[in-house]
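Undergrad: Before anything else, here's the structure in question.
There are 2 protein chains.
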Amino acid sequence: MTSQASDEPETVAASRRSKITPEREREFFDAVLEQIRECGYDSVTMEGVAASTRCSKSTLYRQWKTKPQFVAAALRASRRVRFAGIDTGSLAEDLRQAARAAGDWSGKDTRLLQALGHAVTSDQELAQALREALVHPEIAALEEMLARGVARGEVPAGHPALEYVPAMMFGVLRVRPVLNGQYADADYLVRFVEAVVLPALGRR
Amino acid sequence: MTSQASDEPETVAASRRSKITPEREREFFDAVLEQIRECGYDSVTMEGVAASTRCSKSTLYRQWKTKPQFVAAALRASRRVRFAGIDTGSLAEDLRQAARAAGDWSGKDTRLLQALGHAVTSDQELAQALREALVHPEIAALEEMLARGVARGEVPAGHPALEYVPAMMFGVLRVRPVLNGQYADADYLVRFVEAVVLPALGRR
DNA sequence: GTGTACCGGTACTCGGCCGTATCGGTACAC
DNA sequence: GTGTACCGATACGGCCGAGTACCGGTACAC
Numbered sequence: 001m002t003s004q005a006s007d008e009p010e011t012v013a014a015s016r017r018s019k020i021t022p023e024r025e026r027e028f029f030d031a032v033l034e035q036i037r038e039c040g041y042d043s044v045t046m047e048g049v050a051a052s053t054r055c056s057k058s059t060l061y062r063q064w065k066t067k068p069q070f071v072a073a074a075l076r077a078s079r080r081v082r083f084a085g086i087d088t089g090s091l092a093e094d095l096r097q098a099a100r101a102a103g104d105w106s107g108k109d110t111r112l113l114q115a116l117g118h119a120v121t122s123d124q125e126l127a128q129a130l131r132e133a134l135v136h137p138e139i140a141a142l143e144e145m146l147a148r149g150v151a152r153g154e155v156p157a158g159h160p161a162l163e164y165v166p167a168m169m170f171g172v173l174r175v176r177p178v179l180n181g182q183y184a185d186a187d188y189l190v191r192f193v194e195a196v197v198l199p200a201l202g203r204r
Numbered sequence: 001m002t003s004q005a006s007d008e009p010e011t012v013a014a015s016r017r018s019k020i021t022p023e024r025e026r027e028f029f030d031a032v033l034e035q036i037r038e039c040g041y042d043s044v045t046m047e048g049v050a051a052s053t054r055c056s057k058s059t060l061y062r063q064w065k066t067k068p069q070f071v072a073a074a075l076r077a078s079r080r081v082r083f084a085g086i087d088t089g090s091l092a093e094d095l096r097q098a099a100r101a102a103g104d105w106s107g108k109d110t111r112l113l114q115a116l117g118h119a120v121t122s123d124q125e126l127a128q129a130l131r132e133a134l135v136h137p138e139i140a141a142l143e144e145m146l147a148r149g150v151a152r153g154e155v156p157a158g159h160p161a162l163e164y165v166p167a168m169m170f171g172v173l174r175v176r177p178v179l180n181g182q183y184a185d186a187d188y189l190v191r192f193v194e195a196v197v198l199p200a201l202g203r204r
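Protein sequences, first through last, are from chains A and B.
If you read the first sequence in the UniProt record's numbering, its first letter stands for residue 1, the second for the next number, and so on.
If you read the second sequence in the UniProt record's numbering, its first letter stands for residue 1, the second for the next number, and so on.
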């Protein structure tokens, strides 16, 4: 982590000298991510982002050197754990709530992941930012959920299905648009948890 | 149509007049799909495909009007059912064999799907070709497998997990690279079938 | 031998985007 | 009031790719 004199959290330290307020920065980040969702990474242009936020291309290039660095910064600043705070005391209910939460941001994040999925193969920084922003936090939250369930004795430690729970949840989330032509909503995911995940874990 | 001299299957009828042999056409299709896997849809250029197949850009544009139409033709010509011929008489063994087969082409098809995933949102023909080539045949094969299992009484009809089996299989296949950084191999998928799919279906 | 029609190669137009440079305006410090 | 440093606008260079046009070569029909 090499954390040294870093009193600035996610926003770049330069924003002190810049006249870009954090709120303004958020607008840039939201705009670029939204356009990536809509048009794909390659089709997004710095000019387009500048126009949609009524700023100048120069402003963007002054803060961030290149387009991938800009996008990576946007991703890092958008890191949020959507499963945060889920802890009902029961694994089944935890998973149901997670499914419900996942259904709510399914459209947005799935599209972002899809749009960036191939761009990351050519840019290391982008790949890392994507994992840190969208993948790792949710996986970690899910694994904590499972670990609590194991600690409570709801599932035996080392149960073979445990390792697949995150992959299943994310997988179903991501492929539903391809298979059924619509994003996975909360209802679909909750039924999935009850029909597959919990039975596989030996619950109910 | 014009079914006389019916040695021309799905290659365009015009290839009669073209001097491009079906084998040569295959080279073009293989090349463009391979380059899409490696560089992504947007980064693939007609010039690149022409160069790698030692033909001329003119030749490609003579046969196919535009880049998306060319890619769509390549996809349609590459349709193949990988699960074809799996019918062991036991649902569990069918699924295991399907998992093994899926593991073998996982790298290739997953990358193709990922690379095209966002391009299809802007081109209708491409989207249809992708579904016909990579998605629908496999789903149909899986569903037949399940239907046979139900018919044999191995799983009760209307079992709630049935509808999720295709989504699970494809989902796990697709997200594994994102989660674990490697493509799903046959071993991983077979263990998944045994740890999750079969228990969810009430088999073991 | 003659014609036809396709192939490969090259050169070209056109448009788009990245990233840079320049310039006037303006908020803020002191 | 003066200086400074950033903002927004615009223009520009450079590059690259889609798609077109044109040309010589050649296989094949008759």
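In this text, a Cβ means the ideal position worked out from N, Cα and C, and glycines have one as well.
What you are looking at is a predicted structure, and each value in this text was computed from that prediction instead of being measured.
Since Gly117 of chain B meets chain A, which of its residues come closer than 7 angstroms, beta carbon to beta carbon?
TA: Your numbering for residue 117 of chain B matches position 117 in the second sequence. Result: Gln114, Gly117.
Undergrad: With the cut-off set at 9 angstroms, would you say Ala115 of chain A and Arg26 of chain A are in Cβ contact?
TA: In the first sequence, counting from the first residue as 1, residue 115 of chain A sits at position 115. In the first sequence, counting from the first residue as 1, residue 26 of chain A sits at position 26. No; because the gap between Cβ atoms is not below 9 angstroms, this pair is not in contact.
Undergrad: With a CB to CB cut of under 8 angstroms and the five nearest residues on each side skipped, what residues in its chain are close to Arg174 of chain A?
TA: Taking the first residue of the first sequence as 1, we reach residue 174 of chain A at position 174. The residues are Thr110, Leu113, Gln114.
Undergrad: Below 7 angstroms on C-beta distance, what does Phe192 of chain A contact in chain B?
TA: Within the first sequence, the letter at position 192 stands for residue 192 of chain A. Residues of chain B passing the Cβ test: Tyr164.
Undergrad: Within the chosen definition, does the region 170-186 of chain B reach the region 93-110 of chain B through at least 3 CB pairs nearer than 8 angstroms?
TA: Contact between the region 170-186 of chain B and the region 93-110 of chain B is present, because at least three Cβ pairs lie under 8 angstroms.
Undergrad: Kindly say whether Arg100 of chain A, judged by its beta-carbon, lies nearer than 9 angstroms to any beta-carbon of chain B.
TA: The residue labelled residue 100 of chain A in the question sits at position 100 within the first sequence. Taking Cβ atoms only, chain B never reaches closer than 9 angstroms to Arg100 of chain A, which makes this a no.
Undergrad: What number of angstroms, rounded off, separates the C-alpha of Leu126 of chain A from the C-alpha of Arg76 of chain A?
TA: Taking the first sequence and counting its residues from 1, one reaches residue 126 of chain A at position 126. Taking the first sequence and counting its residues from 1, one reaches residue 76 of chain A at position 76. Those two C-alpha atoms are separated by around 10 angstroms.
Undergrad: Could you run through the region 15-41 of chain A and flag, in chain order, every residue whose CB is less than 7 angstroms away from some CB of chain B?
TA: Hits within the stretch, in order: Gly40.
Undergrad: What does Leu179 of chain A touch in chain B if you count any residue whose Cβ is under 8 angstroms from its own?
TA: Locating residue 179 of chain A in the first sequence gives position 179, counting from the first residue. Per Cβ cutoff of 8 angstroms: Val135, Ile139, Pro166, Ala167, Phe170.
Undergrad: To the nearest angstrom, how far is the alpha carbon of Leu201 of chain A from that of Ala147 of chain B?
TA: Position 201 of the first sequence, counting from 1, holds the residue named residue 201 of chain A. Position 147 of the second sequence, counting from 1, holds the residue named residue 147 of chain B. Straight-line Cα distance between these residues: approximately 25 angstroms.
Undergrad: With DSSP run on the structure shown, which of helix, strand or coil describes Phe192 of chain B?
TA: Here residue 192 of chain B refers to the residue found at position 192 of the second sequence. Helix at Phe192 of chain B.
Undergrad: Measure the alpha-carbon distance for Ala101 of chain B versus Thr45 of chain A and round it to whole angstroms.
TA: Here the question's residue 101 of chain B lines up with position 101 in the second sequence. Here the question's residue 45 of chain A lines up with position 45 in the first sequence. Their backbone Cα atoms lie some 40 angstroms apart in a straight line.
Undergrad: By the three-class DSSP mapping on this structure, what secondary structure does Thr88 of chain A have?
TA: By 1-based counting over the first sequence, the position of residue 88 of chain A is 88. Three-state result, Thr88 of chain A: coil.
Undergrad: Quick test of the definition: if touching needs 3 or more C-beta pairs under 8 angstroms, does the region 56-73 of chain A touch the region 55-66 of chain B?
TA: Too few Cβ pairs lie closer than 8 angstroms, so no.
Undergrad: Under 9 angstroms between the Cβ atoms of Phe83 of chain A and Ala151 of chain A?
TA: Here residue 83 of chain A corresponds to residue number 83 of the first sequence, with the count starting at 1. Here residue 151 of chain A corresponds to residue number 151 of the first sequence, with the count starting at 1. No, the Cβ-Cβ distance between Phe83 of chain A and Ala151 of chain A is not below 9 angstroms.
Undergrad: Listing by chain order, which chain B residues have their CB less than 9 angstroms from the CB of Arg176 of chain A?
TA: Here residue 176 of chain A corresponds to residue number 176 of the first sequence, with the count starting at 1. Correct list: Ala167, Gly171.
Undergrad: Is it true that the CB of Ala167 of chain A sits closer than 9 angstroms to the CB of Gly149 of chain B?
TA: Start at 1 with the first residue of the second sequence, and residue 149 of chain B comes out as number 149. Start at 1 with the first residue of the first sequence, and residue 167 of chain A comes out as number 167. No, they are not a contact pair.
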